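To start, the structure itself, in structure tokens.
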Amino acid sequence: MHTIGSRPKLVVSADGRGVVNHAGSRLLADLADATGLTASFTAALRRLRPRGTGHAPGRIAVDLAVMLADGGEAITDLALLRDQTEVFSPVASTPTAWRLPAGIDPAALAALRAARAAAREVAWMQAADTGPGIPAAPAGGRDLAGLVLDIDATLVTCHSEKEQAAATYKSGFGYHPLLCFLDNTGEALAGMLQPGNAGANTAADHIAVLEQALAQIPDAHRHGTDILIRTDSAGGAKAFLTHLRRLRSRGIHTFFSVGHPVTEPVRRAIRTLPEHVWHPALEQDGSLRTGAEVAELTGLVDLDGYPDGTRIIVRRERPHPGAQLSLFDLDEGMRHQVFLTDTPHGEGSLQHLEVRHRTHARVEDRIRCGKTTGFGRFPSRHFAINQAWLELSLTALDLLAWMRTLLLEGELAAAEPKKLRYRLLHAAARITRGGRRLHLRISATWPWRNALTSAFARLTALPRPAT
């Protein structure tokens with residue numbers, strides 16, 4: 250018989266000194282300084298500082314972004330940083346922090362976005378100086394050329410009356426933000442806060458979010474680099490796709506891969522396809538996907554009004570248990586998904602184009618993580634404040650993405666925010682002083698101590714922007 254040893258008894262008190270929690274979040278604060286984000290925010294929001302006194306609004310904005318990246322949900326959660334002055338320096342009080350988003354009007358919001366773009370350019374240059382640069386987005390066992398932008402909308406429930414919150418198509422109540430992420434790194438390029446009853450397939454909204462996202466990409470990458478735009482069927486409006494094609498006249502090499510509804514003409518075309526034109530679909534590692542096939546419908550479906558060279562491709566697959574099937578799918582015994590692309594023939598096999606489009610599903614993970622990093626819960630009754638909150642949330646996601654790209658390696662370089670918080674950001678440490686320096690001593694038994702200390706070392710070695 251084996252006995253189970255009891256845990257040692259503890260005497261708990263609240264009189265500890267020299268101990269800090271969430272010490273790893275200092276990485277994010279210092280990374281904001283190293284990329285010039287703090288300086289850019291300070292310049293962008295300088296006019297919000299009354300008579301040059303008190304806390305700098307740009308610094309408050311960075312502290313709020315760090316708090317959101319660390320997992321905070323409300324402005325009151327700034328207490329975590331405020332009560333650890335030795336590590337995070339003086340942090341604004343809750344009332345002072347509240348005044349920042351309340352003072353961000355459309356002009357200040359535009360300045361914030363420009364500041365994020367300036368910091369992004371520095372971060373991308375640092376990635377090129379210290380490593381291979383911005384990574385390629387993977388699909389079907391190979392790397393995609395250029396940049397990949399994923400646009401998608403989501404529903405955020407509001408549990409109280411908020412300005413412009415409305416009933417949603419899923420019988421809920423809240424907002425319906427439209428977002429754009431960079432699949433290469435997970436950076437949150439742009440976001441537009443919309444009422445809950447806003448249409449998801451509005452071309453004007455997609456164009457506005459895309460323009461914001463393109464403005465975030467440094468000039469050296471925005472011009473001369475292939476940029477693939479992926480959306481679900483909500484982004485398949487002819488006006489939006491025509492806009493994407495017109496961007497080429499501005500030197501922006503955009504291509505699209507967007508979902509398309511299975512309409513009656515599409516169903517008729519599918520039924521006319523002979524079996525020999527169906528090809529095996531691919532898994533994300535490039536291997537064959539059992540029970541899934543791909544075929545091209547170009548020439549069988551009227552694509553009048555779409556940009557020249559638009560192709561239409563269909564994928565069919567045996568439905569998995571619980572899949573929602575249309576009457577057509579039930580009749581055929583297969584689940585069908587259709588998308589449009591203007592990638593020319595000869596620039597990728599049919600199977601590769603299909604698996605490339607299917608990886609658009611990664612944006613769902615980005616949005617899920619974003620909802621735990623700020624925009625899953627909006628703090629104010631006022632729409633303008635909530636739009637500013639969304640921008641700070643996108644900034645927090647950027648800081649996490651830059652940390653993965655610039656400071657981490659191995660498994661942690663691809664980790665979601667939850668794992669980064671558990672392993673790195675929420676680590677405790679002890680503060681000591683010696684040799685006129687402040688030392689942050691991480692526990693010698695912490696499983697991820699080496700990854701955290703290496704990240705701090707890489708941060709110190711990052712080239713700094715010229716001032």
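To convert, take the position in the sequence shown, counting from 1, and add 249; that gives the working numbering. Positions of the beta carbon are idealized from the N, C-alpha and C atoms, including for glycine. Bear in mind the structure is a predicted one, so any value in this text is a computation, not a measurement.
May I ask you to report which of helix, strand or coil DSSP gives residue i?
i      : result
Thr334 : helix
Thr592 : coil
Phe624 : coil
Arg698 : helix
Glu532 : coil
Gly473 : coil
Tyr424 : strand
Gly307 : helix
Thr681 : strand
Ile466 : coil
Gly619 : helix
Met441 : strand
Gly508 : strand
Glu660 : helix
Leu398 : strand
Thr503 : strand
Pro387 : strand
Ala416 : strand
Thr654 : helix
Gln600 : helix
Gln636 : helix
Gln573 : coil
Arg266 : coil
Ala488 : helix
Ala376 : helix
Ile353 : coil
Glu460 : helix
Ala676 : coil
Which whole-angstrom value is the C-beta distance of residue i and residue j, which I expect to be below 8 Å?
i      : j      : result
Val371 : Pro714 : 5 Å
Leu317 : Gly623 : 4 Å
Leu687 : His271 : In fact, because the Cβ distance is near 17 Å, the residues do not count as touching under 8 Å.
Leu276 : Ala704 : 6 Å
Pro628 : Ile353 : Incorrect: roughly 13 Å between the Cβ atoms, too far for contact.
Ala439 : Ala453 : Actually they are not in contact, since the Cβ atoms of Ala439 and Ala453 sit about 14 Å apart, beyond 8 Å.
Arg256 : Asp647 : Not really, about 41 Å apart at Cβ, beyond 8 Å.
Ser274 : Val315 : 6 Å
Ile561 : Leu546 : 5 Å
Asp279 : Val612 : Between Val612 and Asp279 the Cβ distance is about 29 Å, and since that is not below 8 Å, they are no contact.
His492 : Ile456 : 5 Å
Whose CA, out of the options, lies closest to the CA of residue i?
i      : options                           : result
Thr434 : Leu396, Leu276, Asp378 and Gly582 : Leu396
Val604 : Gly389, Thr621 and Leu349         : Gly389
Pro384 : Gly265, Thr343, Glu436 and Leu349 : Glu436
Asp401 : His609, Ala341 and Ala664         : His609
Asp378 : Leu655, His509 and Leu549         : Leu655
Val511 : Ser482, Ala376, Cys429 and Ala530 : Ser482
Arg296 : Leu349, Thr644 and Leu701         : Leu349
Gln586 : Pro568, Val563 and Glu596         : Val563
Gln443 : Gln333, Asp432 and Val458         : Val458
Thr644 : Val261, Pro339, Leu404 and Phe430 : Phe430
Cys618 : Leu428, Glu460, Pro467 and Met441 : Leu428
Thr291 : Lys419, Thr334, Glu581 and Arg362 : Arg362
Leu294 : Arg584, Ala414 and Ala359         : Ala359
Among the residues of its own chain, which have a CB less than 6 Å from the CB of residue i, if the five just before and after it don't count?
i      : result
Arg672 : Trp697
Asp392 : Ala385
Glu532 : Arg538
Trp527 : Glu542 and Ala544
Ala662 : Arg653
Gly233 : Outside the displayed span of the chain (250 to 716) sits residue 233, for which this structure offers no information.
Ser409 : none
To which residues of the same chain is residue i closer than 7 Å at the C-beta, ignoring the five residues directly before and after it?
i      : result
Thr559 : Leu552, Leu589 and Asp591
Gly733 : Nothing can be reported for residue 733, as the shown portion of the chain is limited to 250 through 716.
Leu701 : Gly273, Leu673, Ala676 and Ile691
Ser642 : Leu317, Gly619, Thr622, Gly623 and Phe624
Arg497 : Thr503
Using 10 angstroms around the beta-carbon of residue i, count the other beta-carbons present and answer buried if the total reaches 16, otherwise exposed.
i      : result
Asn446 : exposed
His425 : buried
Arg653 : buried
Asn635 : buried
Leu259 : exposed
Pro746 : The structure shown does not extend to residue 746, since the chain spans only 250 to 716, so no value can be given for it.
Arg517 : exposed
Val405 : buried
Val261 : exposed
Glu640 : buried
Leu417 : Sequence check: residue 417 is Thr here, not Leu. Answer is buried; the Cβ neighbour count reaches 16.
Thr709 : exposed
Would a check of beta-carbon distances place residue i closer than 8 Å to chain C?
i      : result
Ser642 : The chain inventory of the structure shown lacks chain C, comprising one protein chain alone.
Spatial neighbours of residue i within its chain, please: CB distance less than 8 Å, with the 5 preceding and 5 following residues excluded, ordered by chain position.
i      : result
Pro529 : Leu537, Arg538, Ala541, Glu542, Val543 and Gln600
Val550 : Pro514, Val515, Ala518 and Ile561
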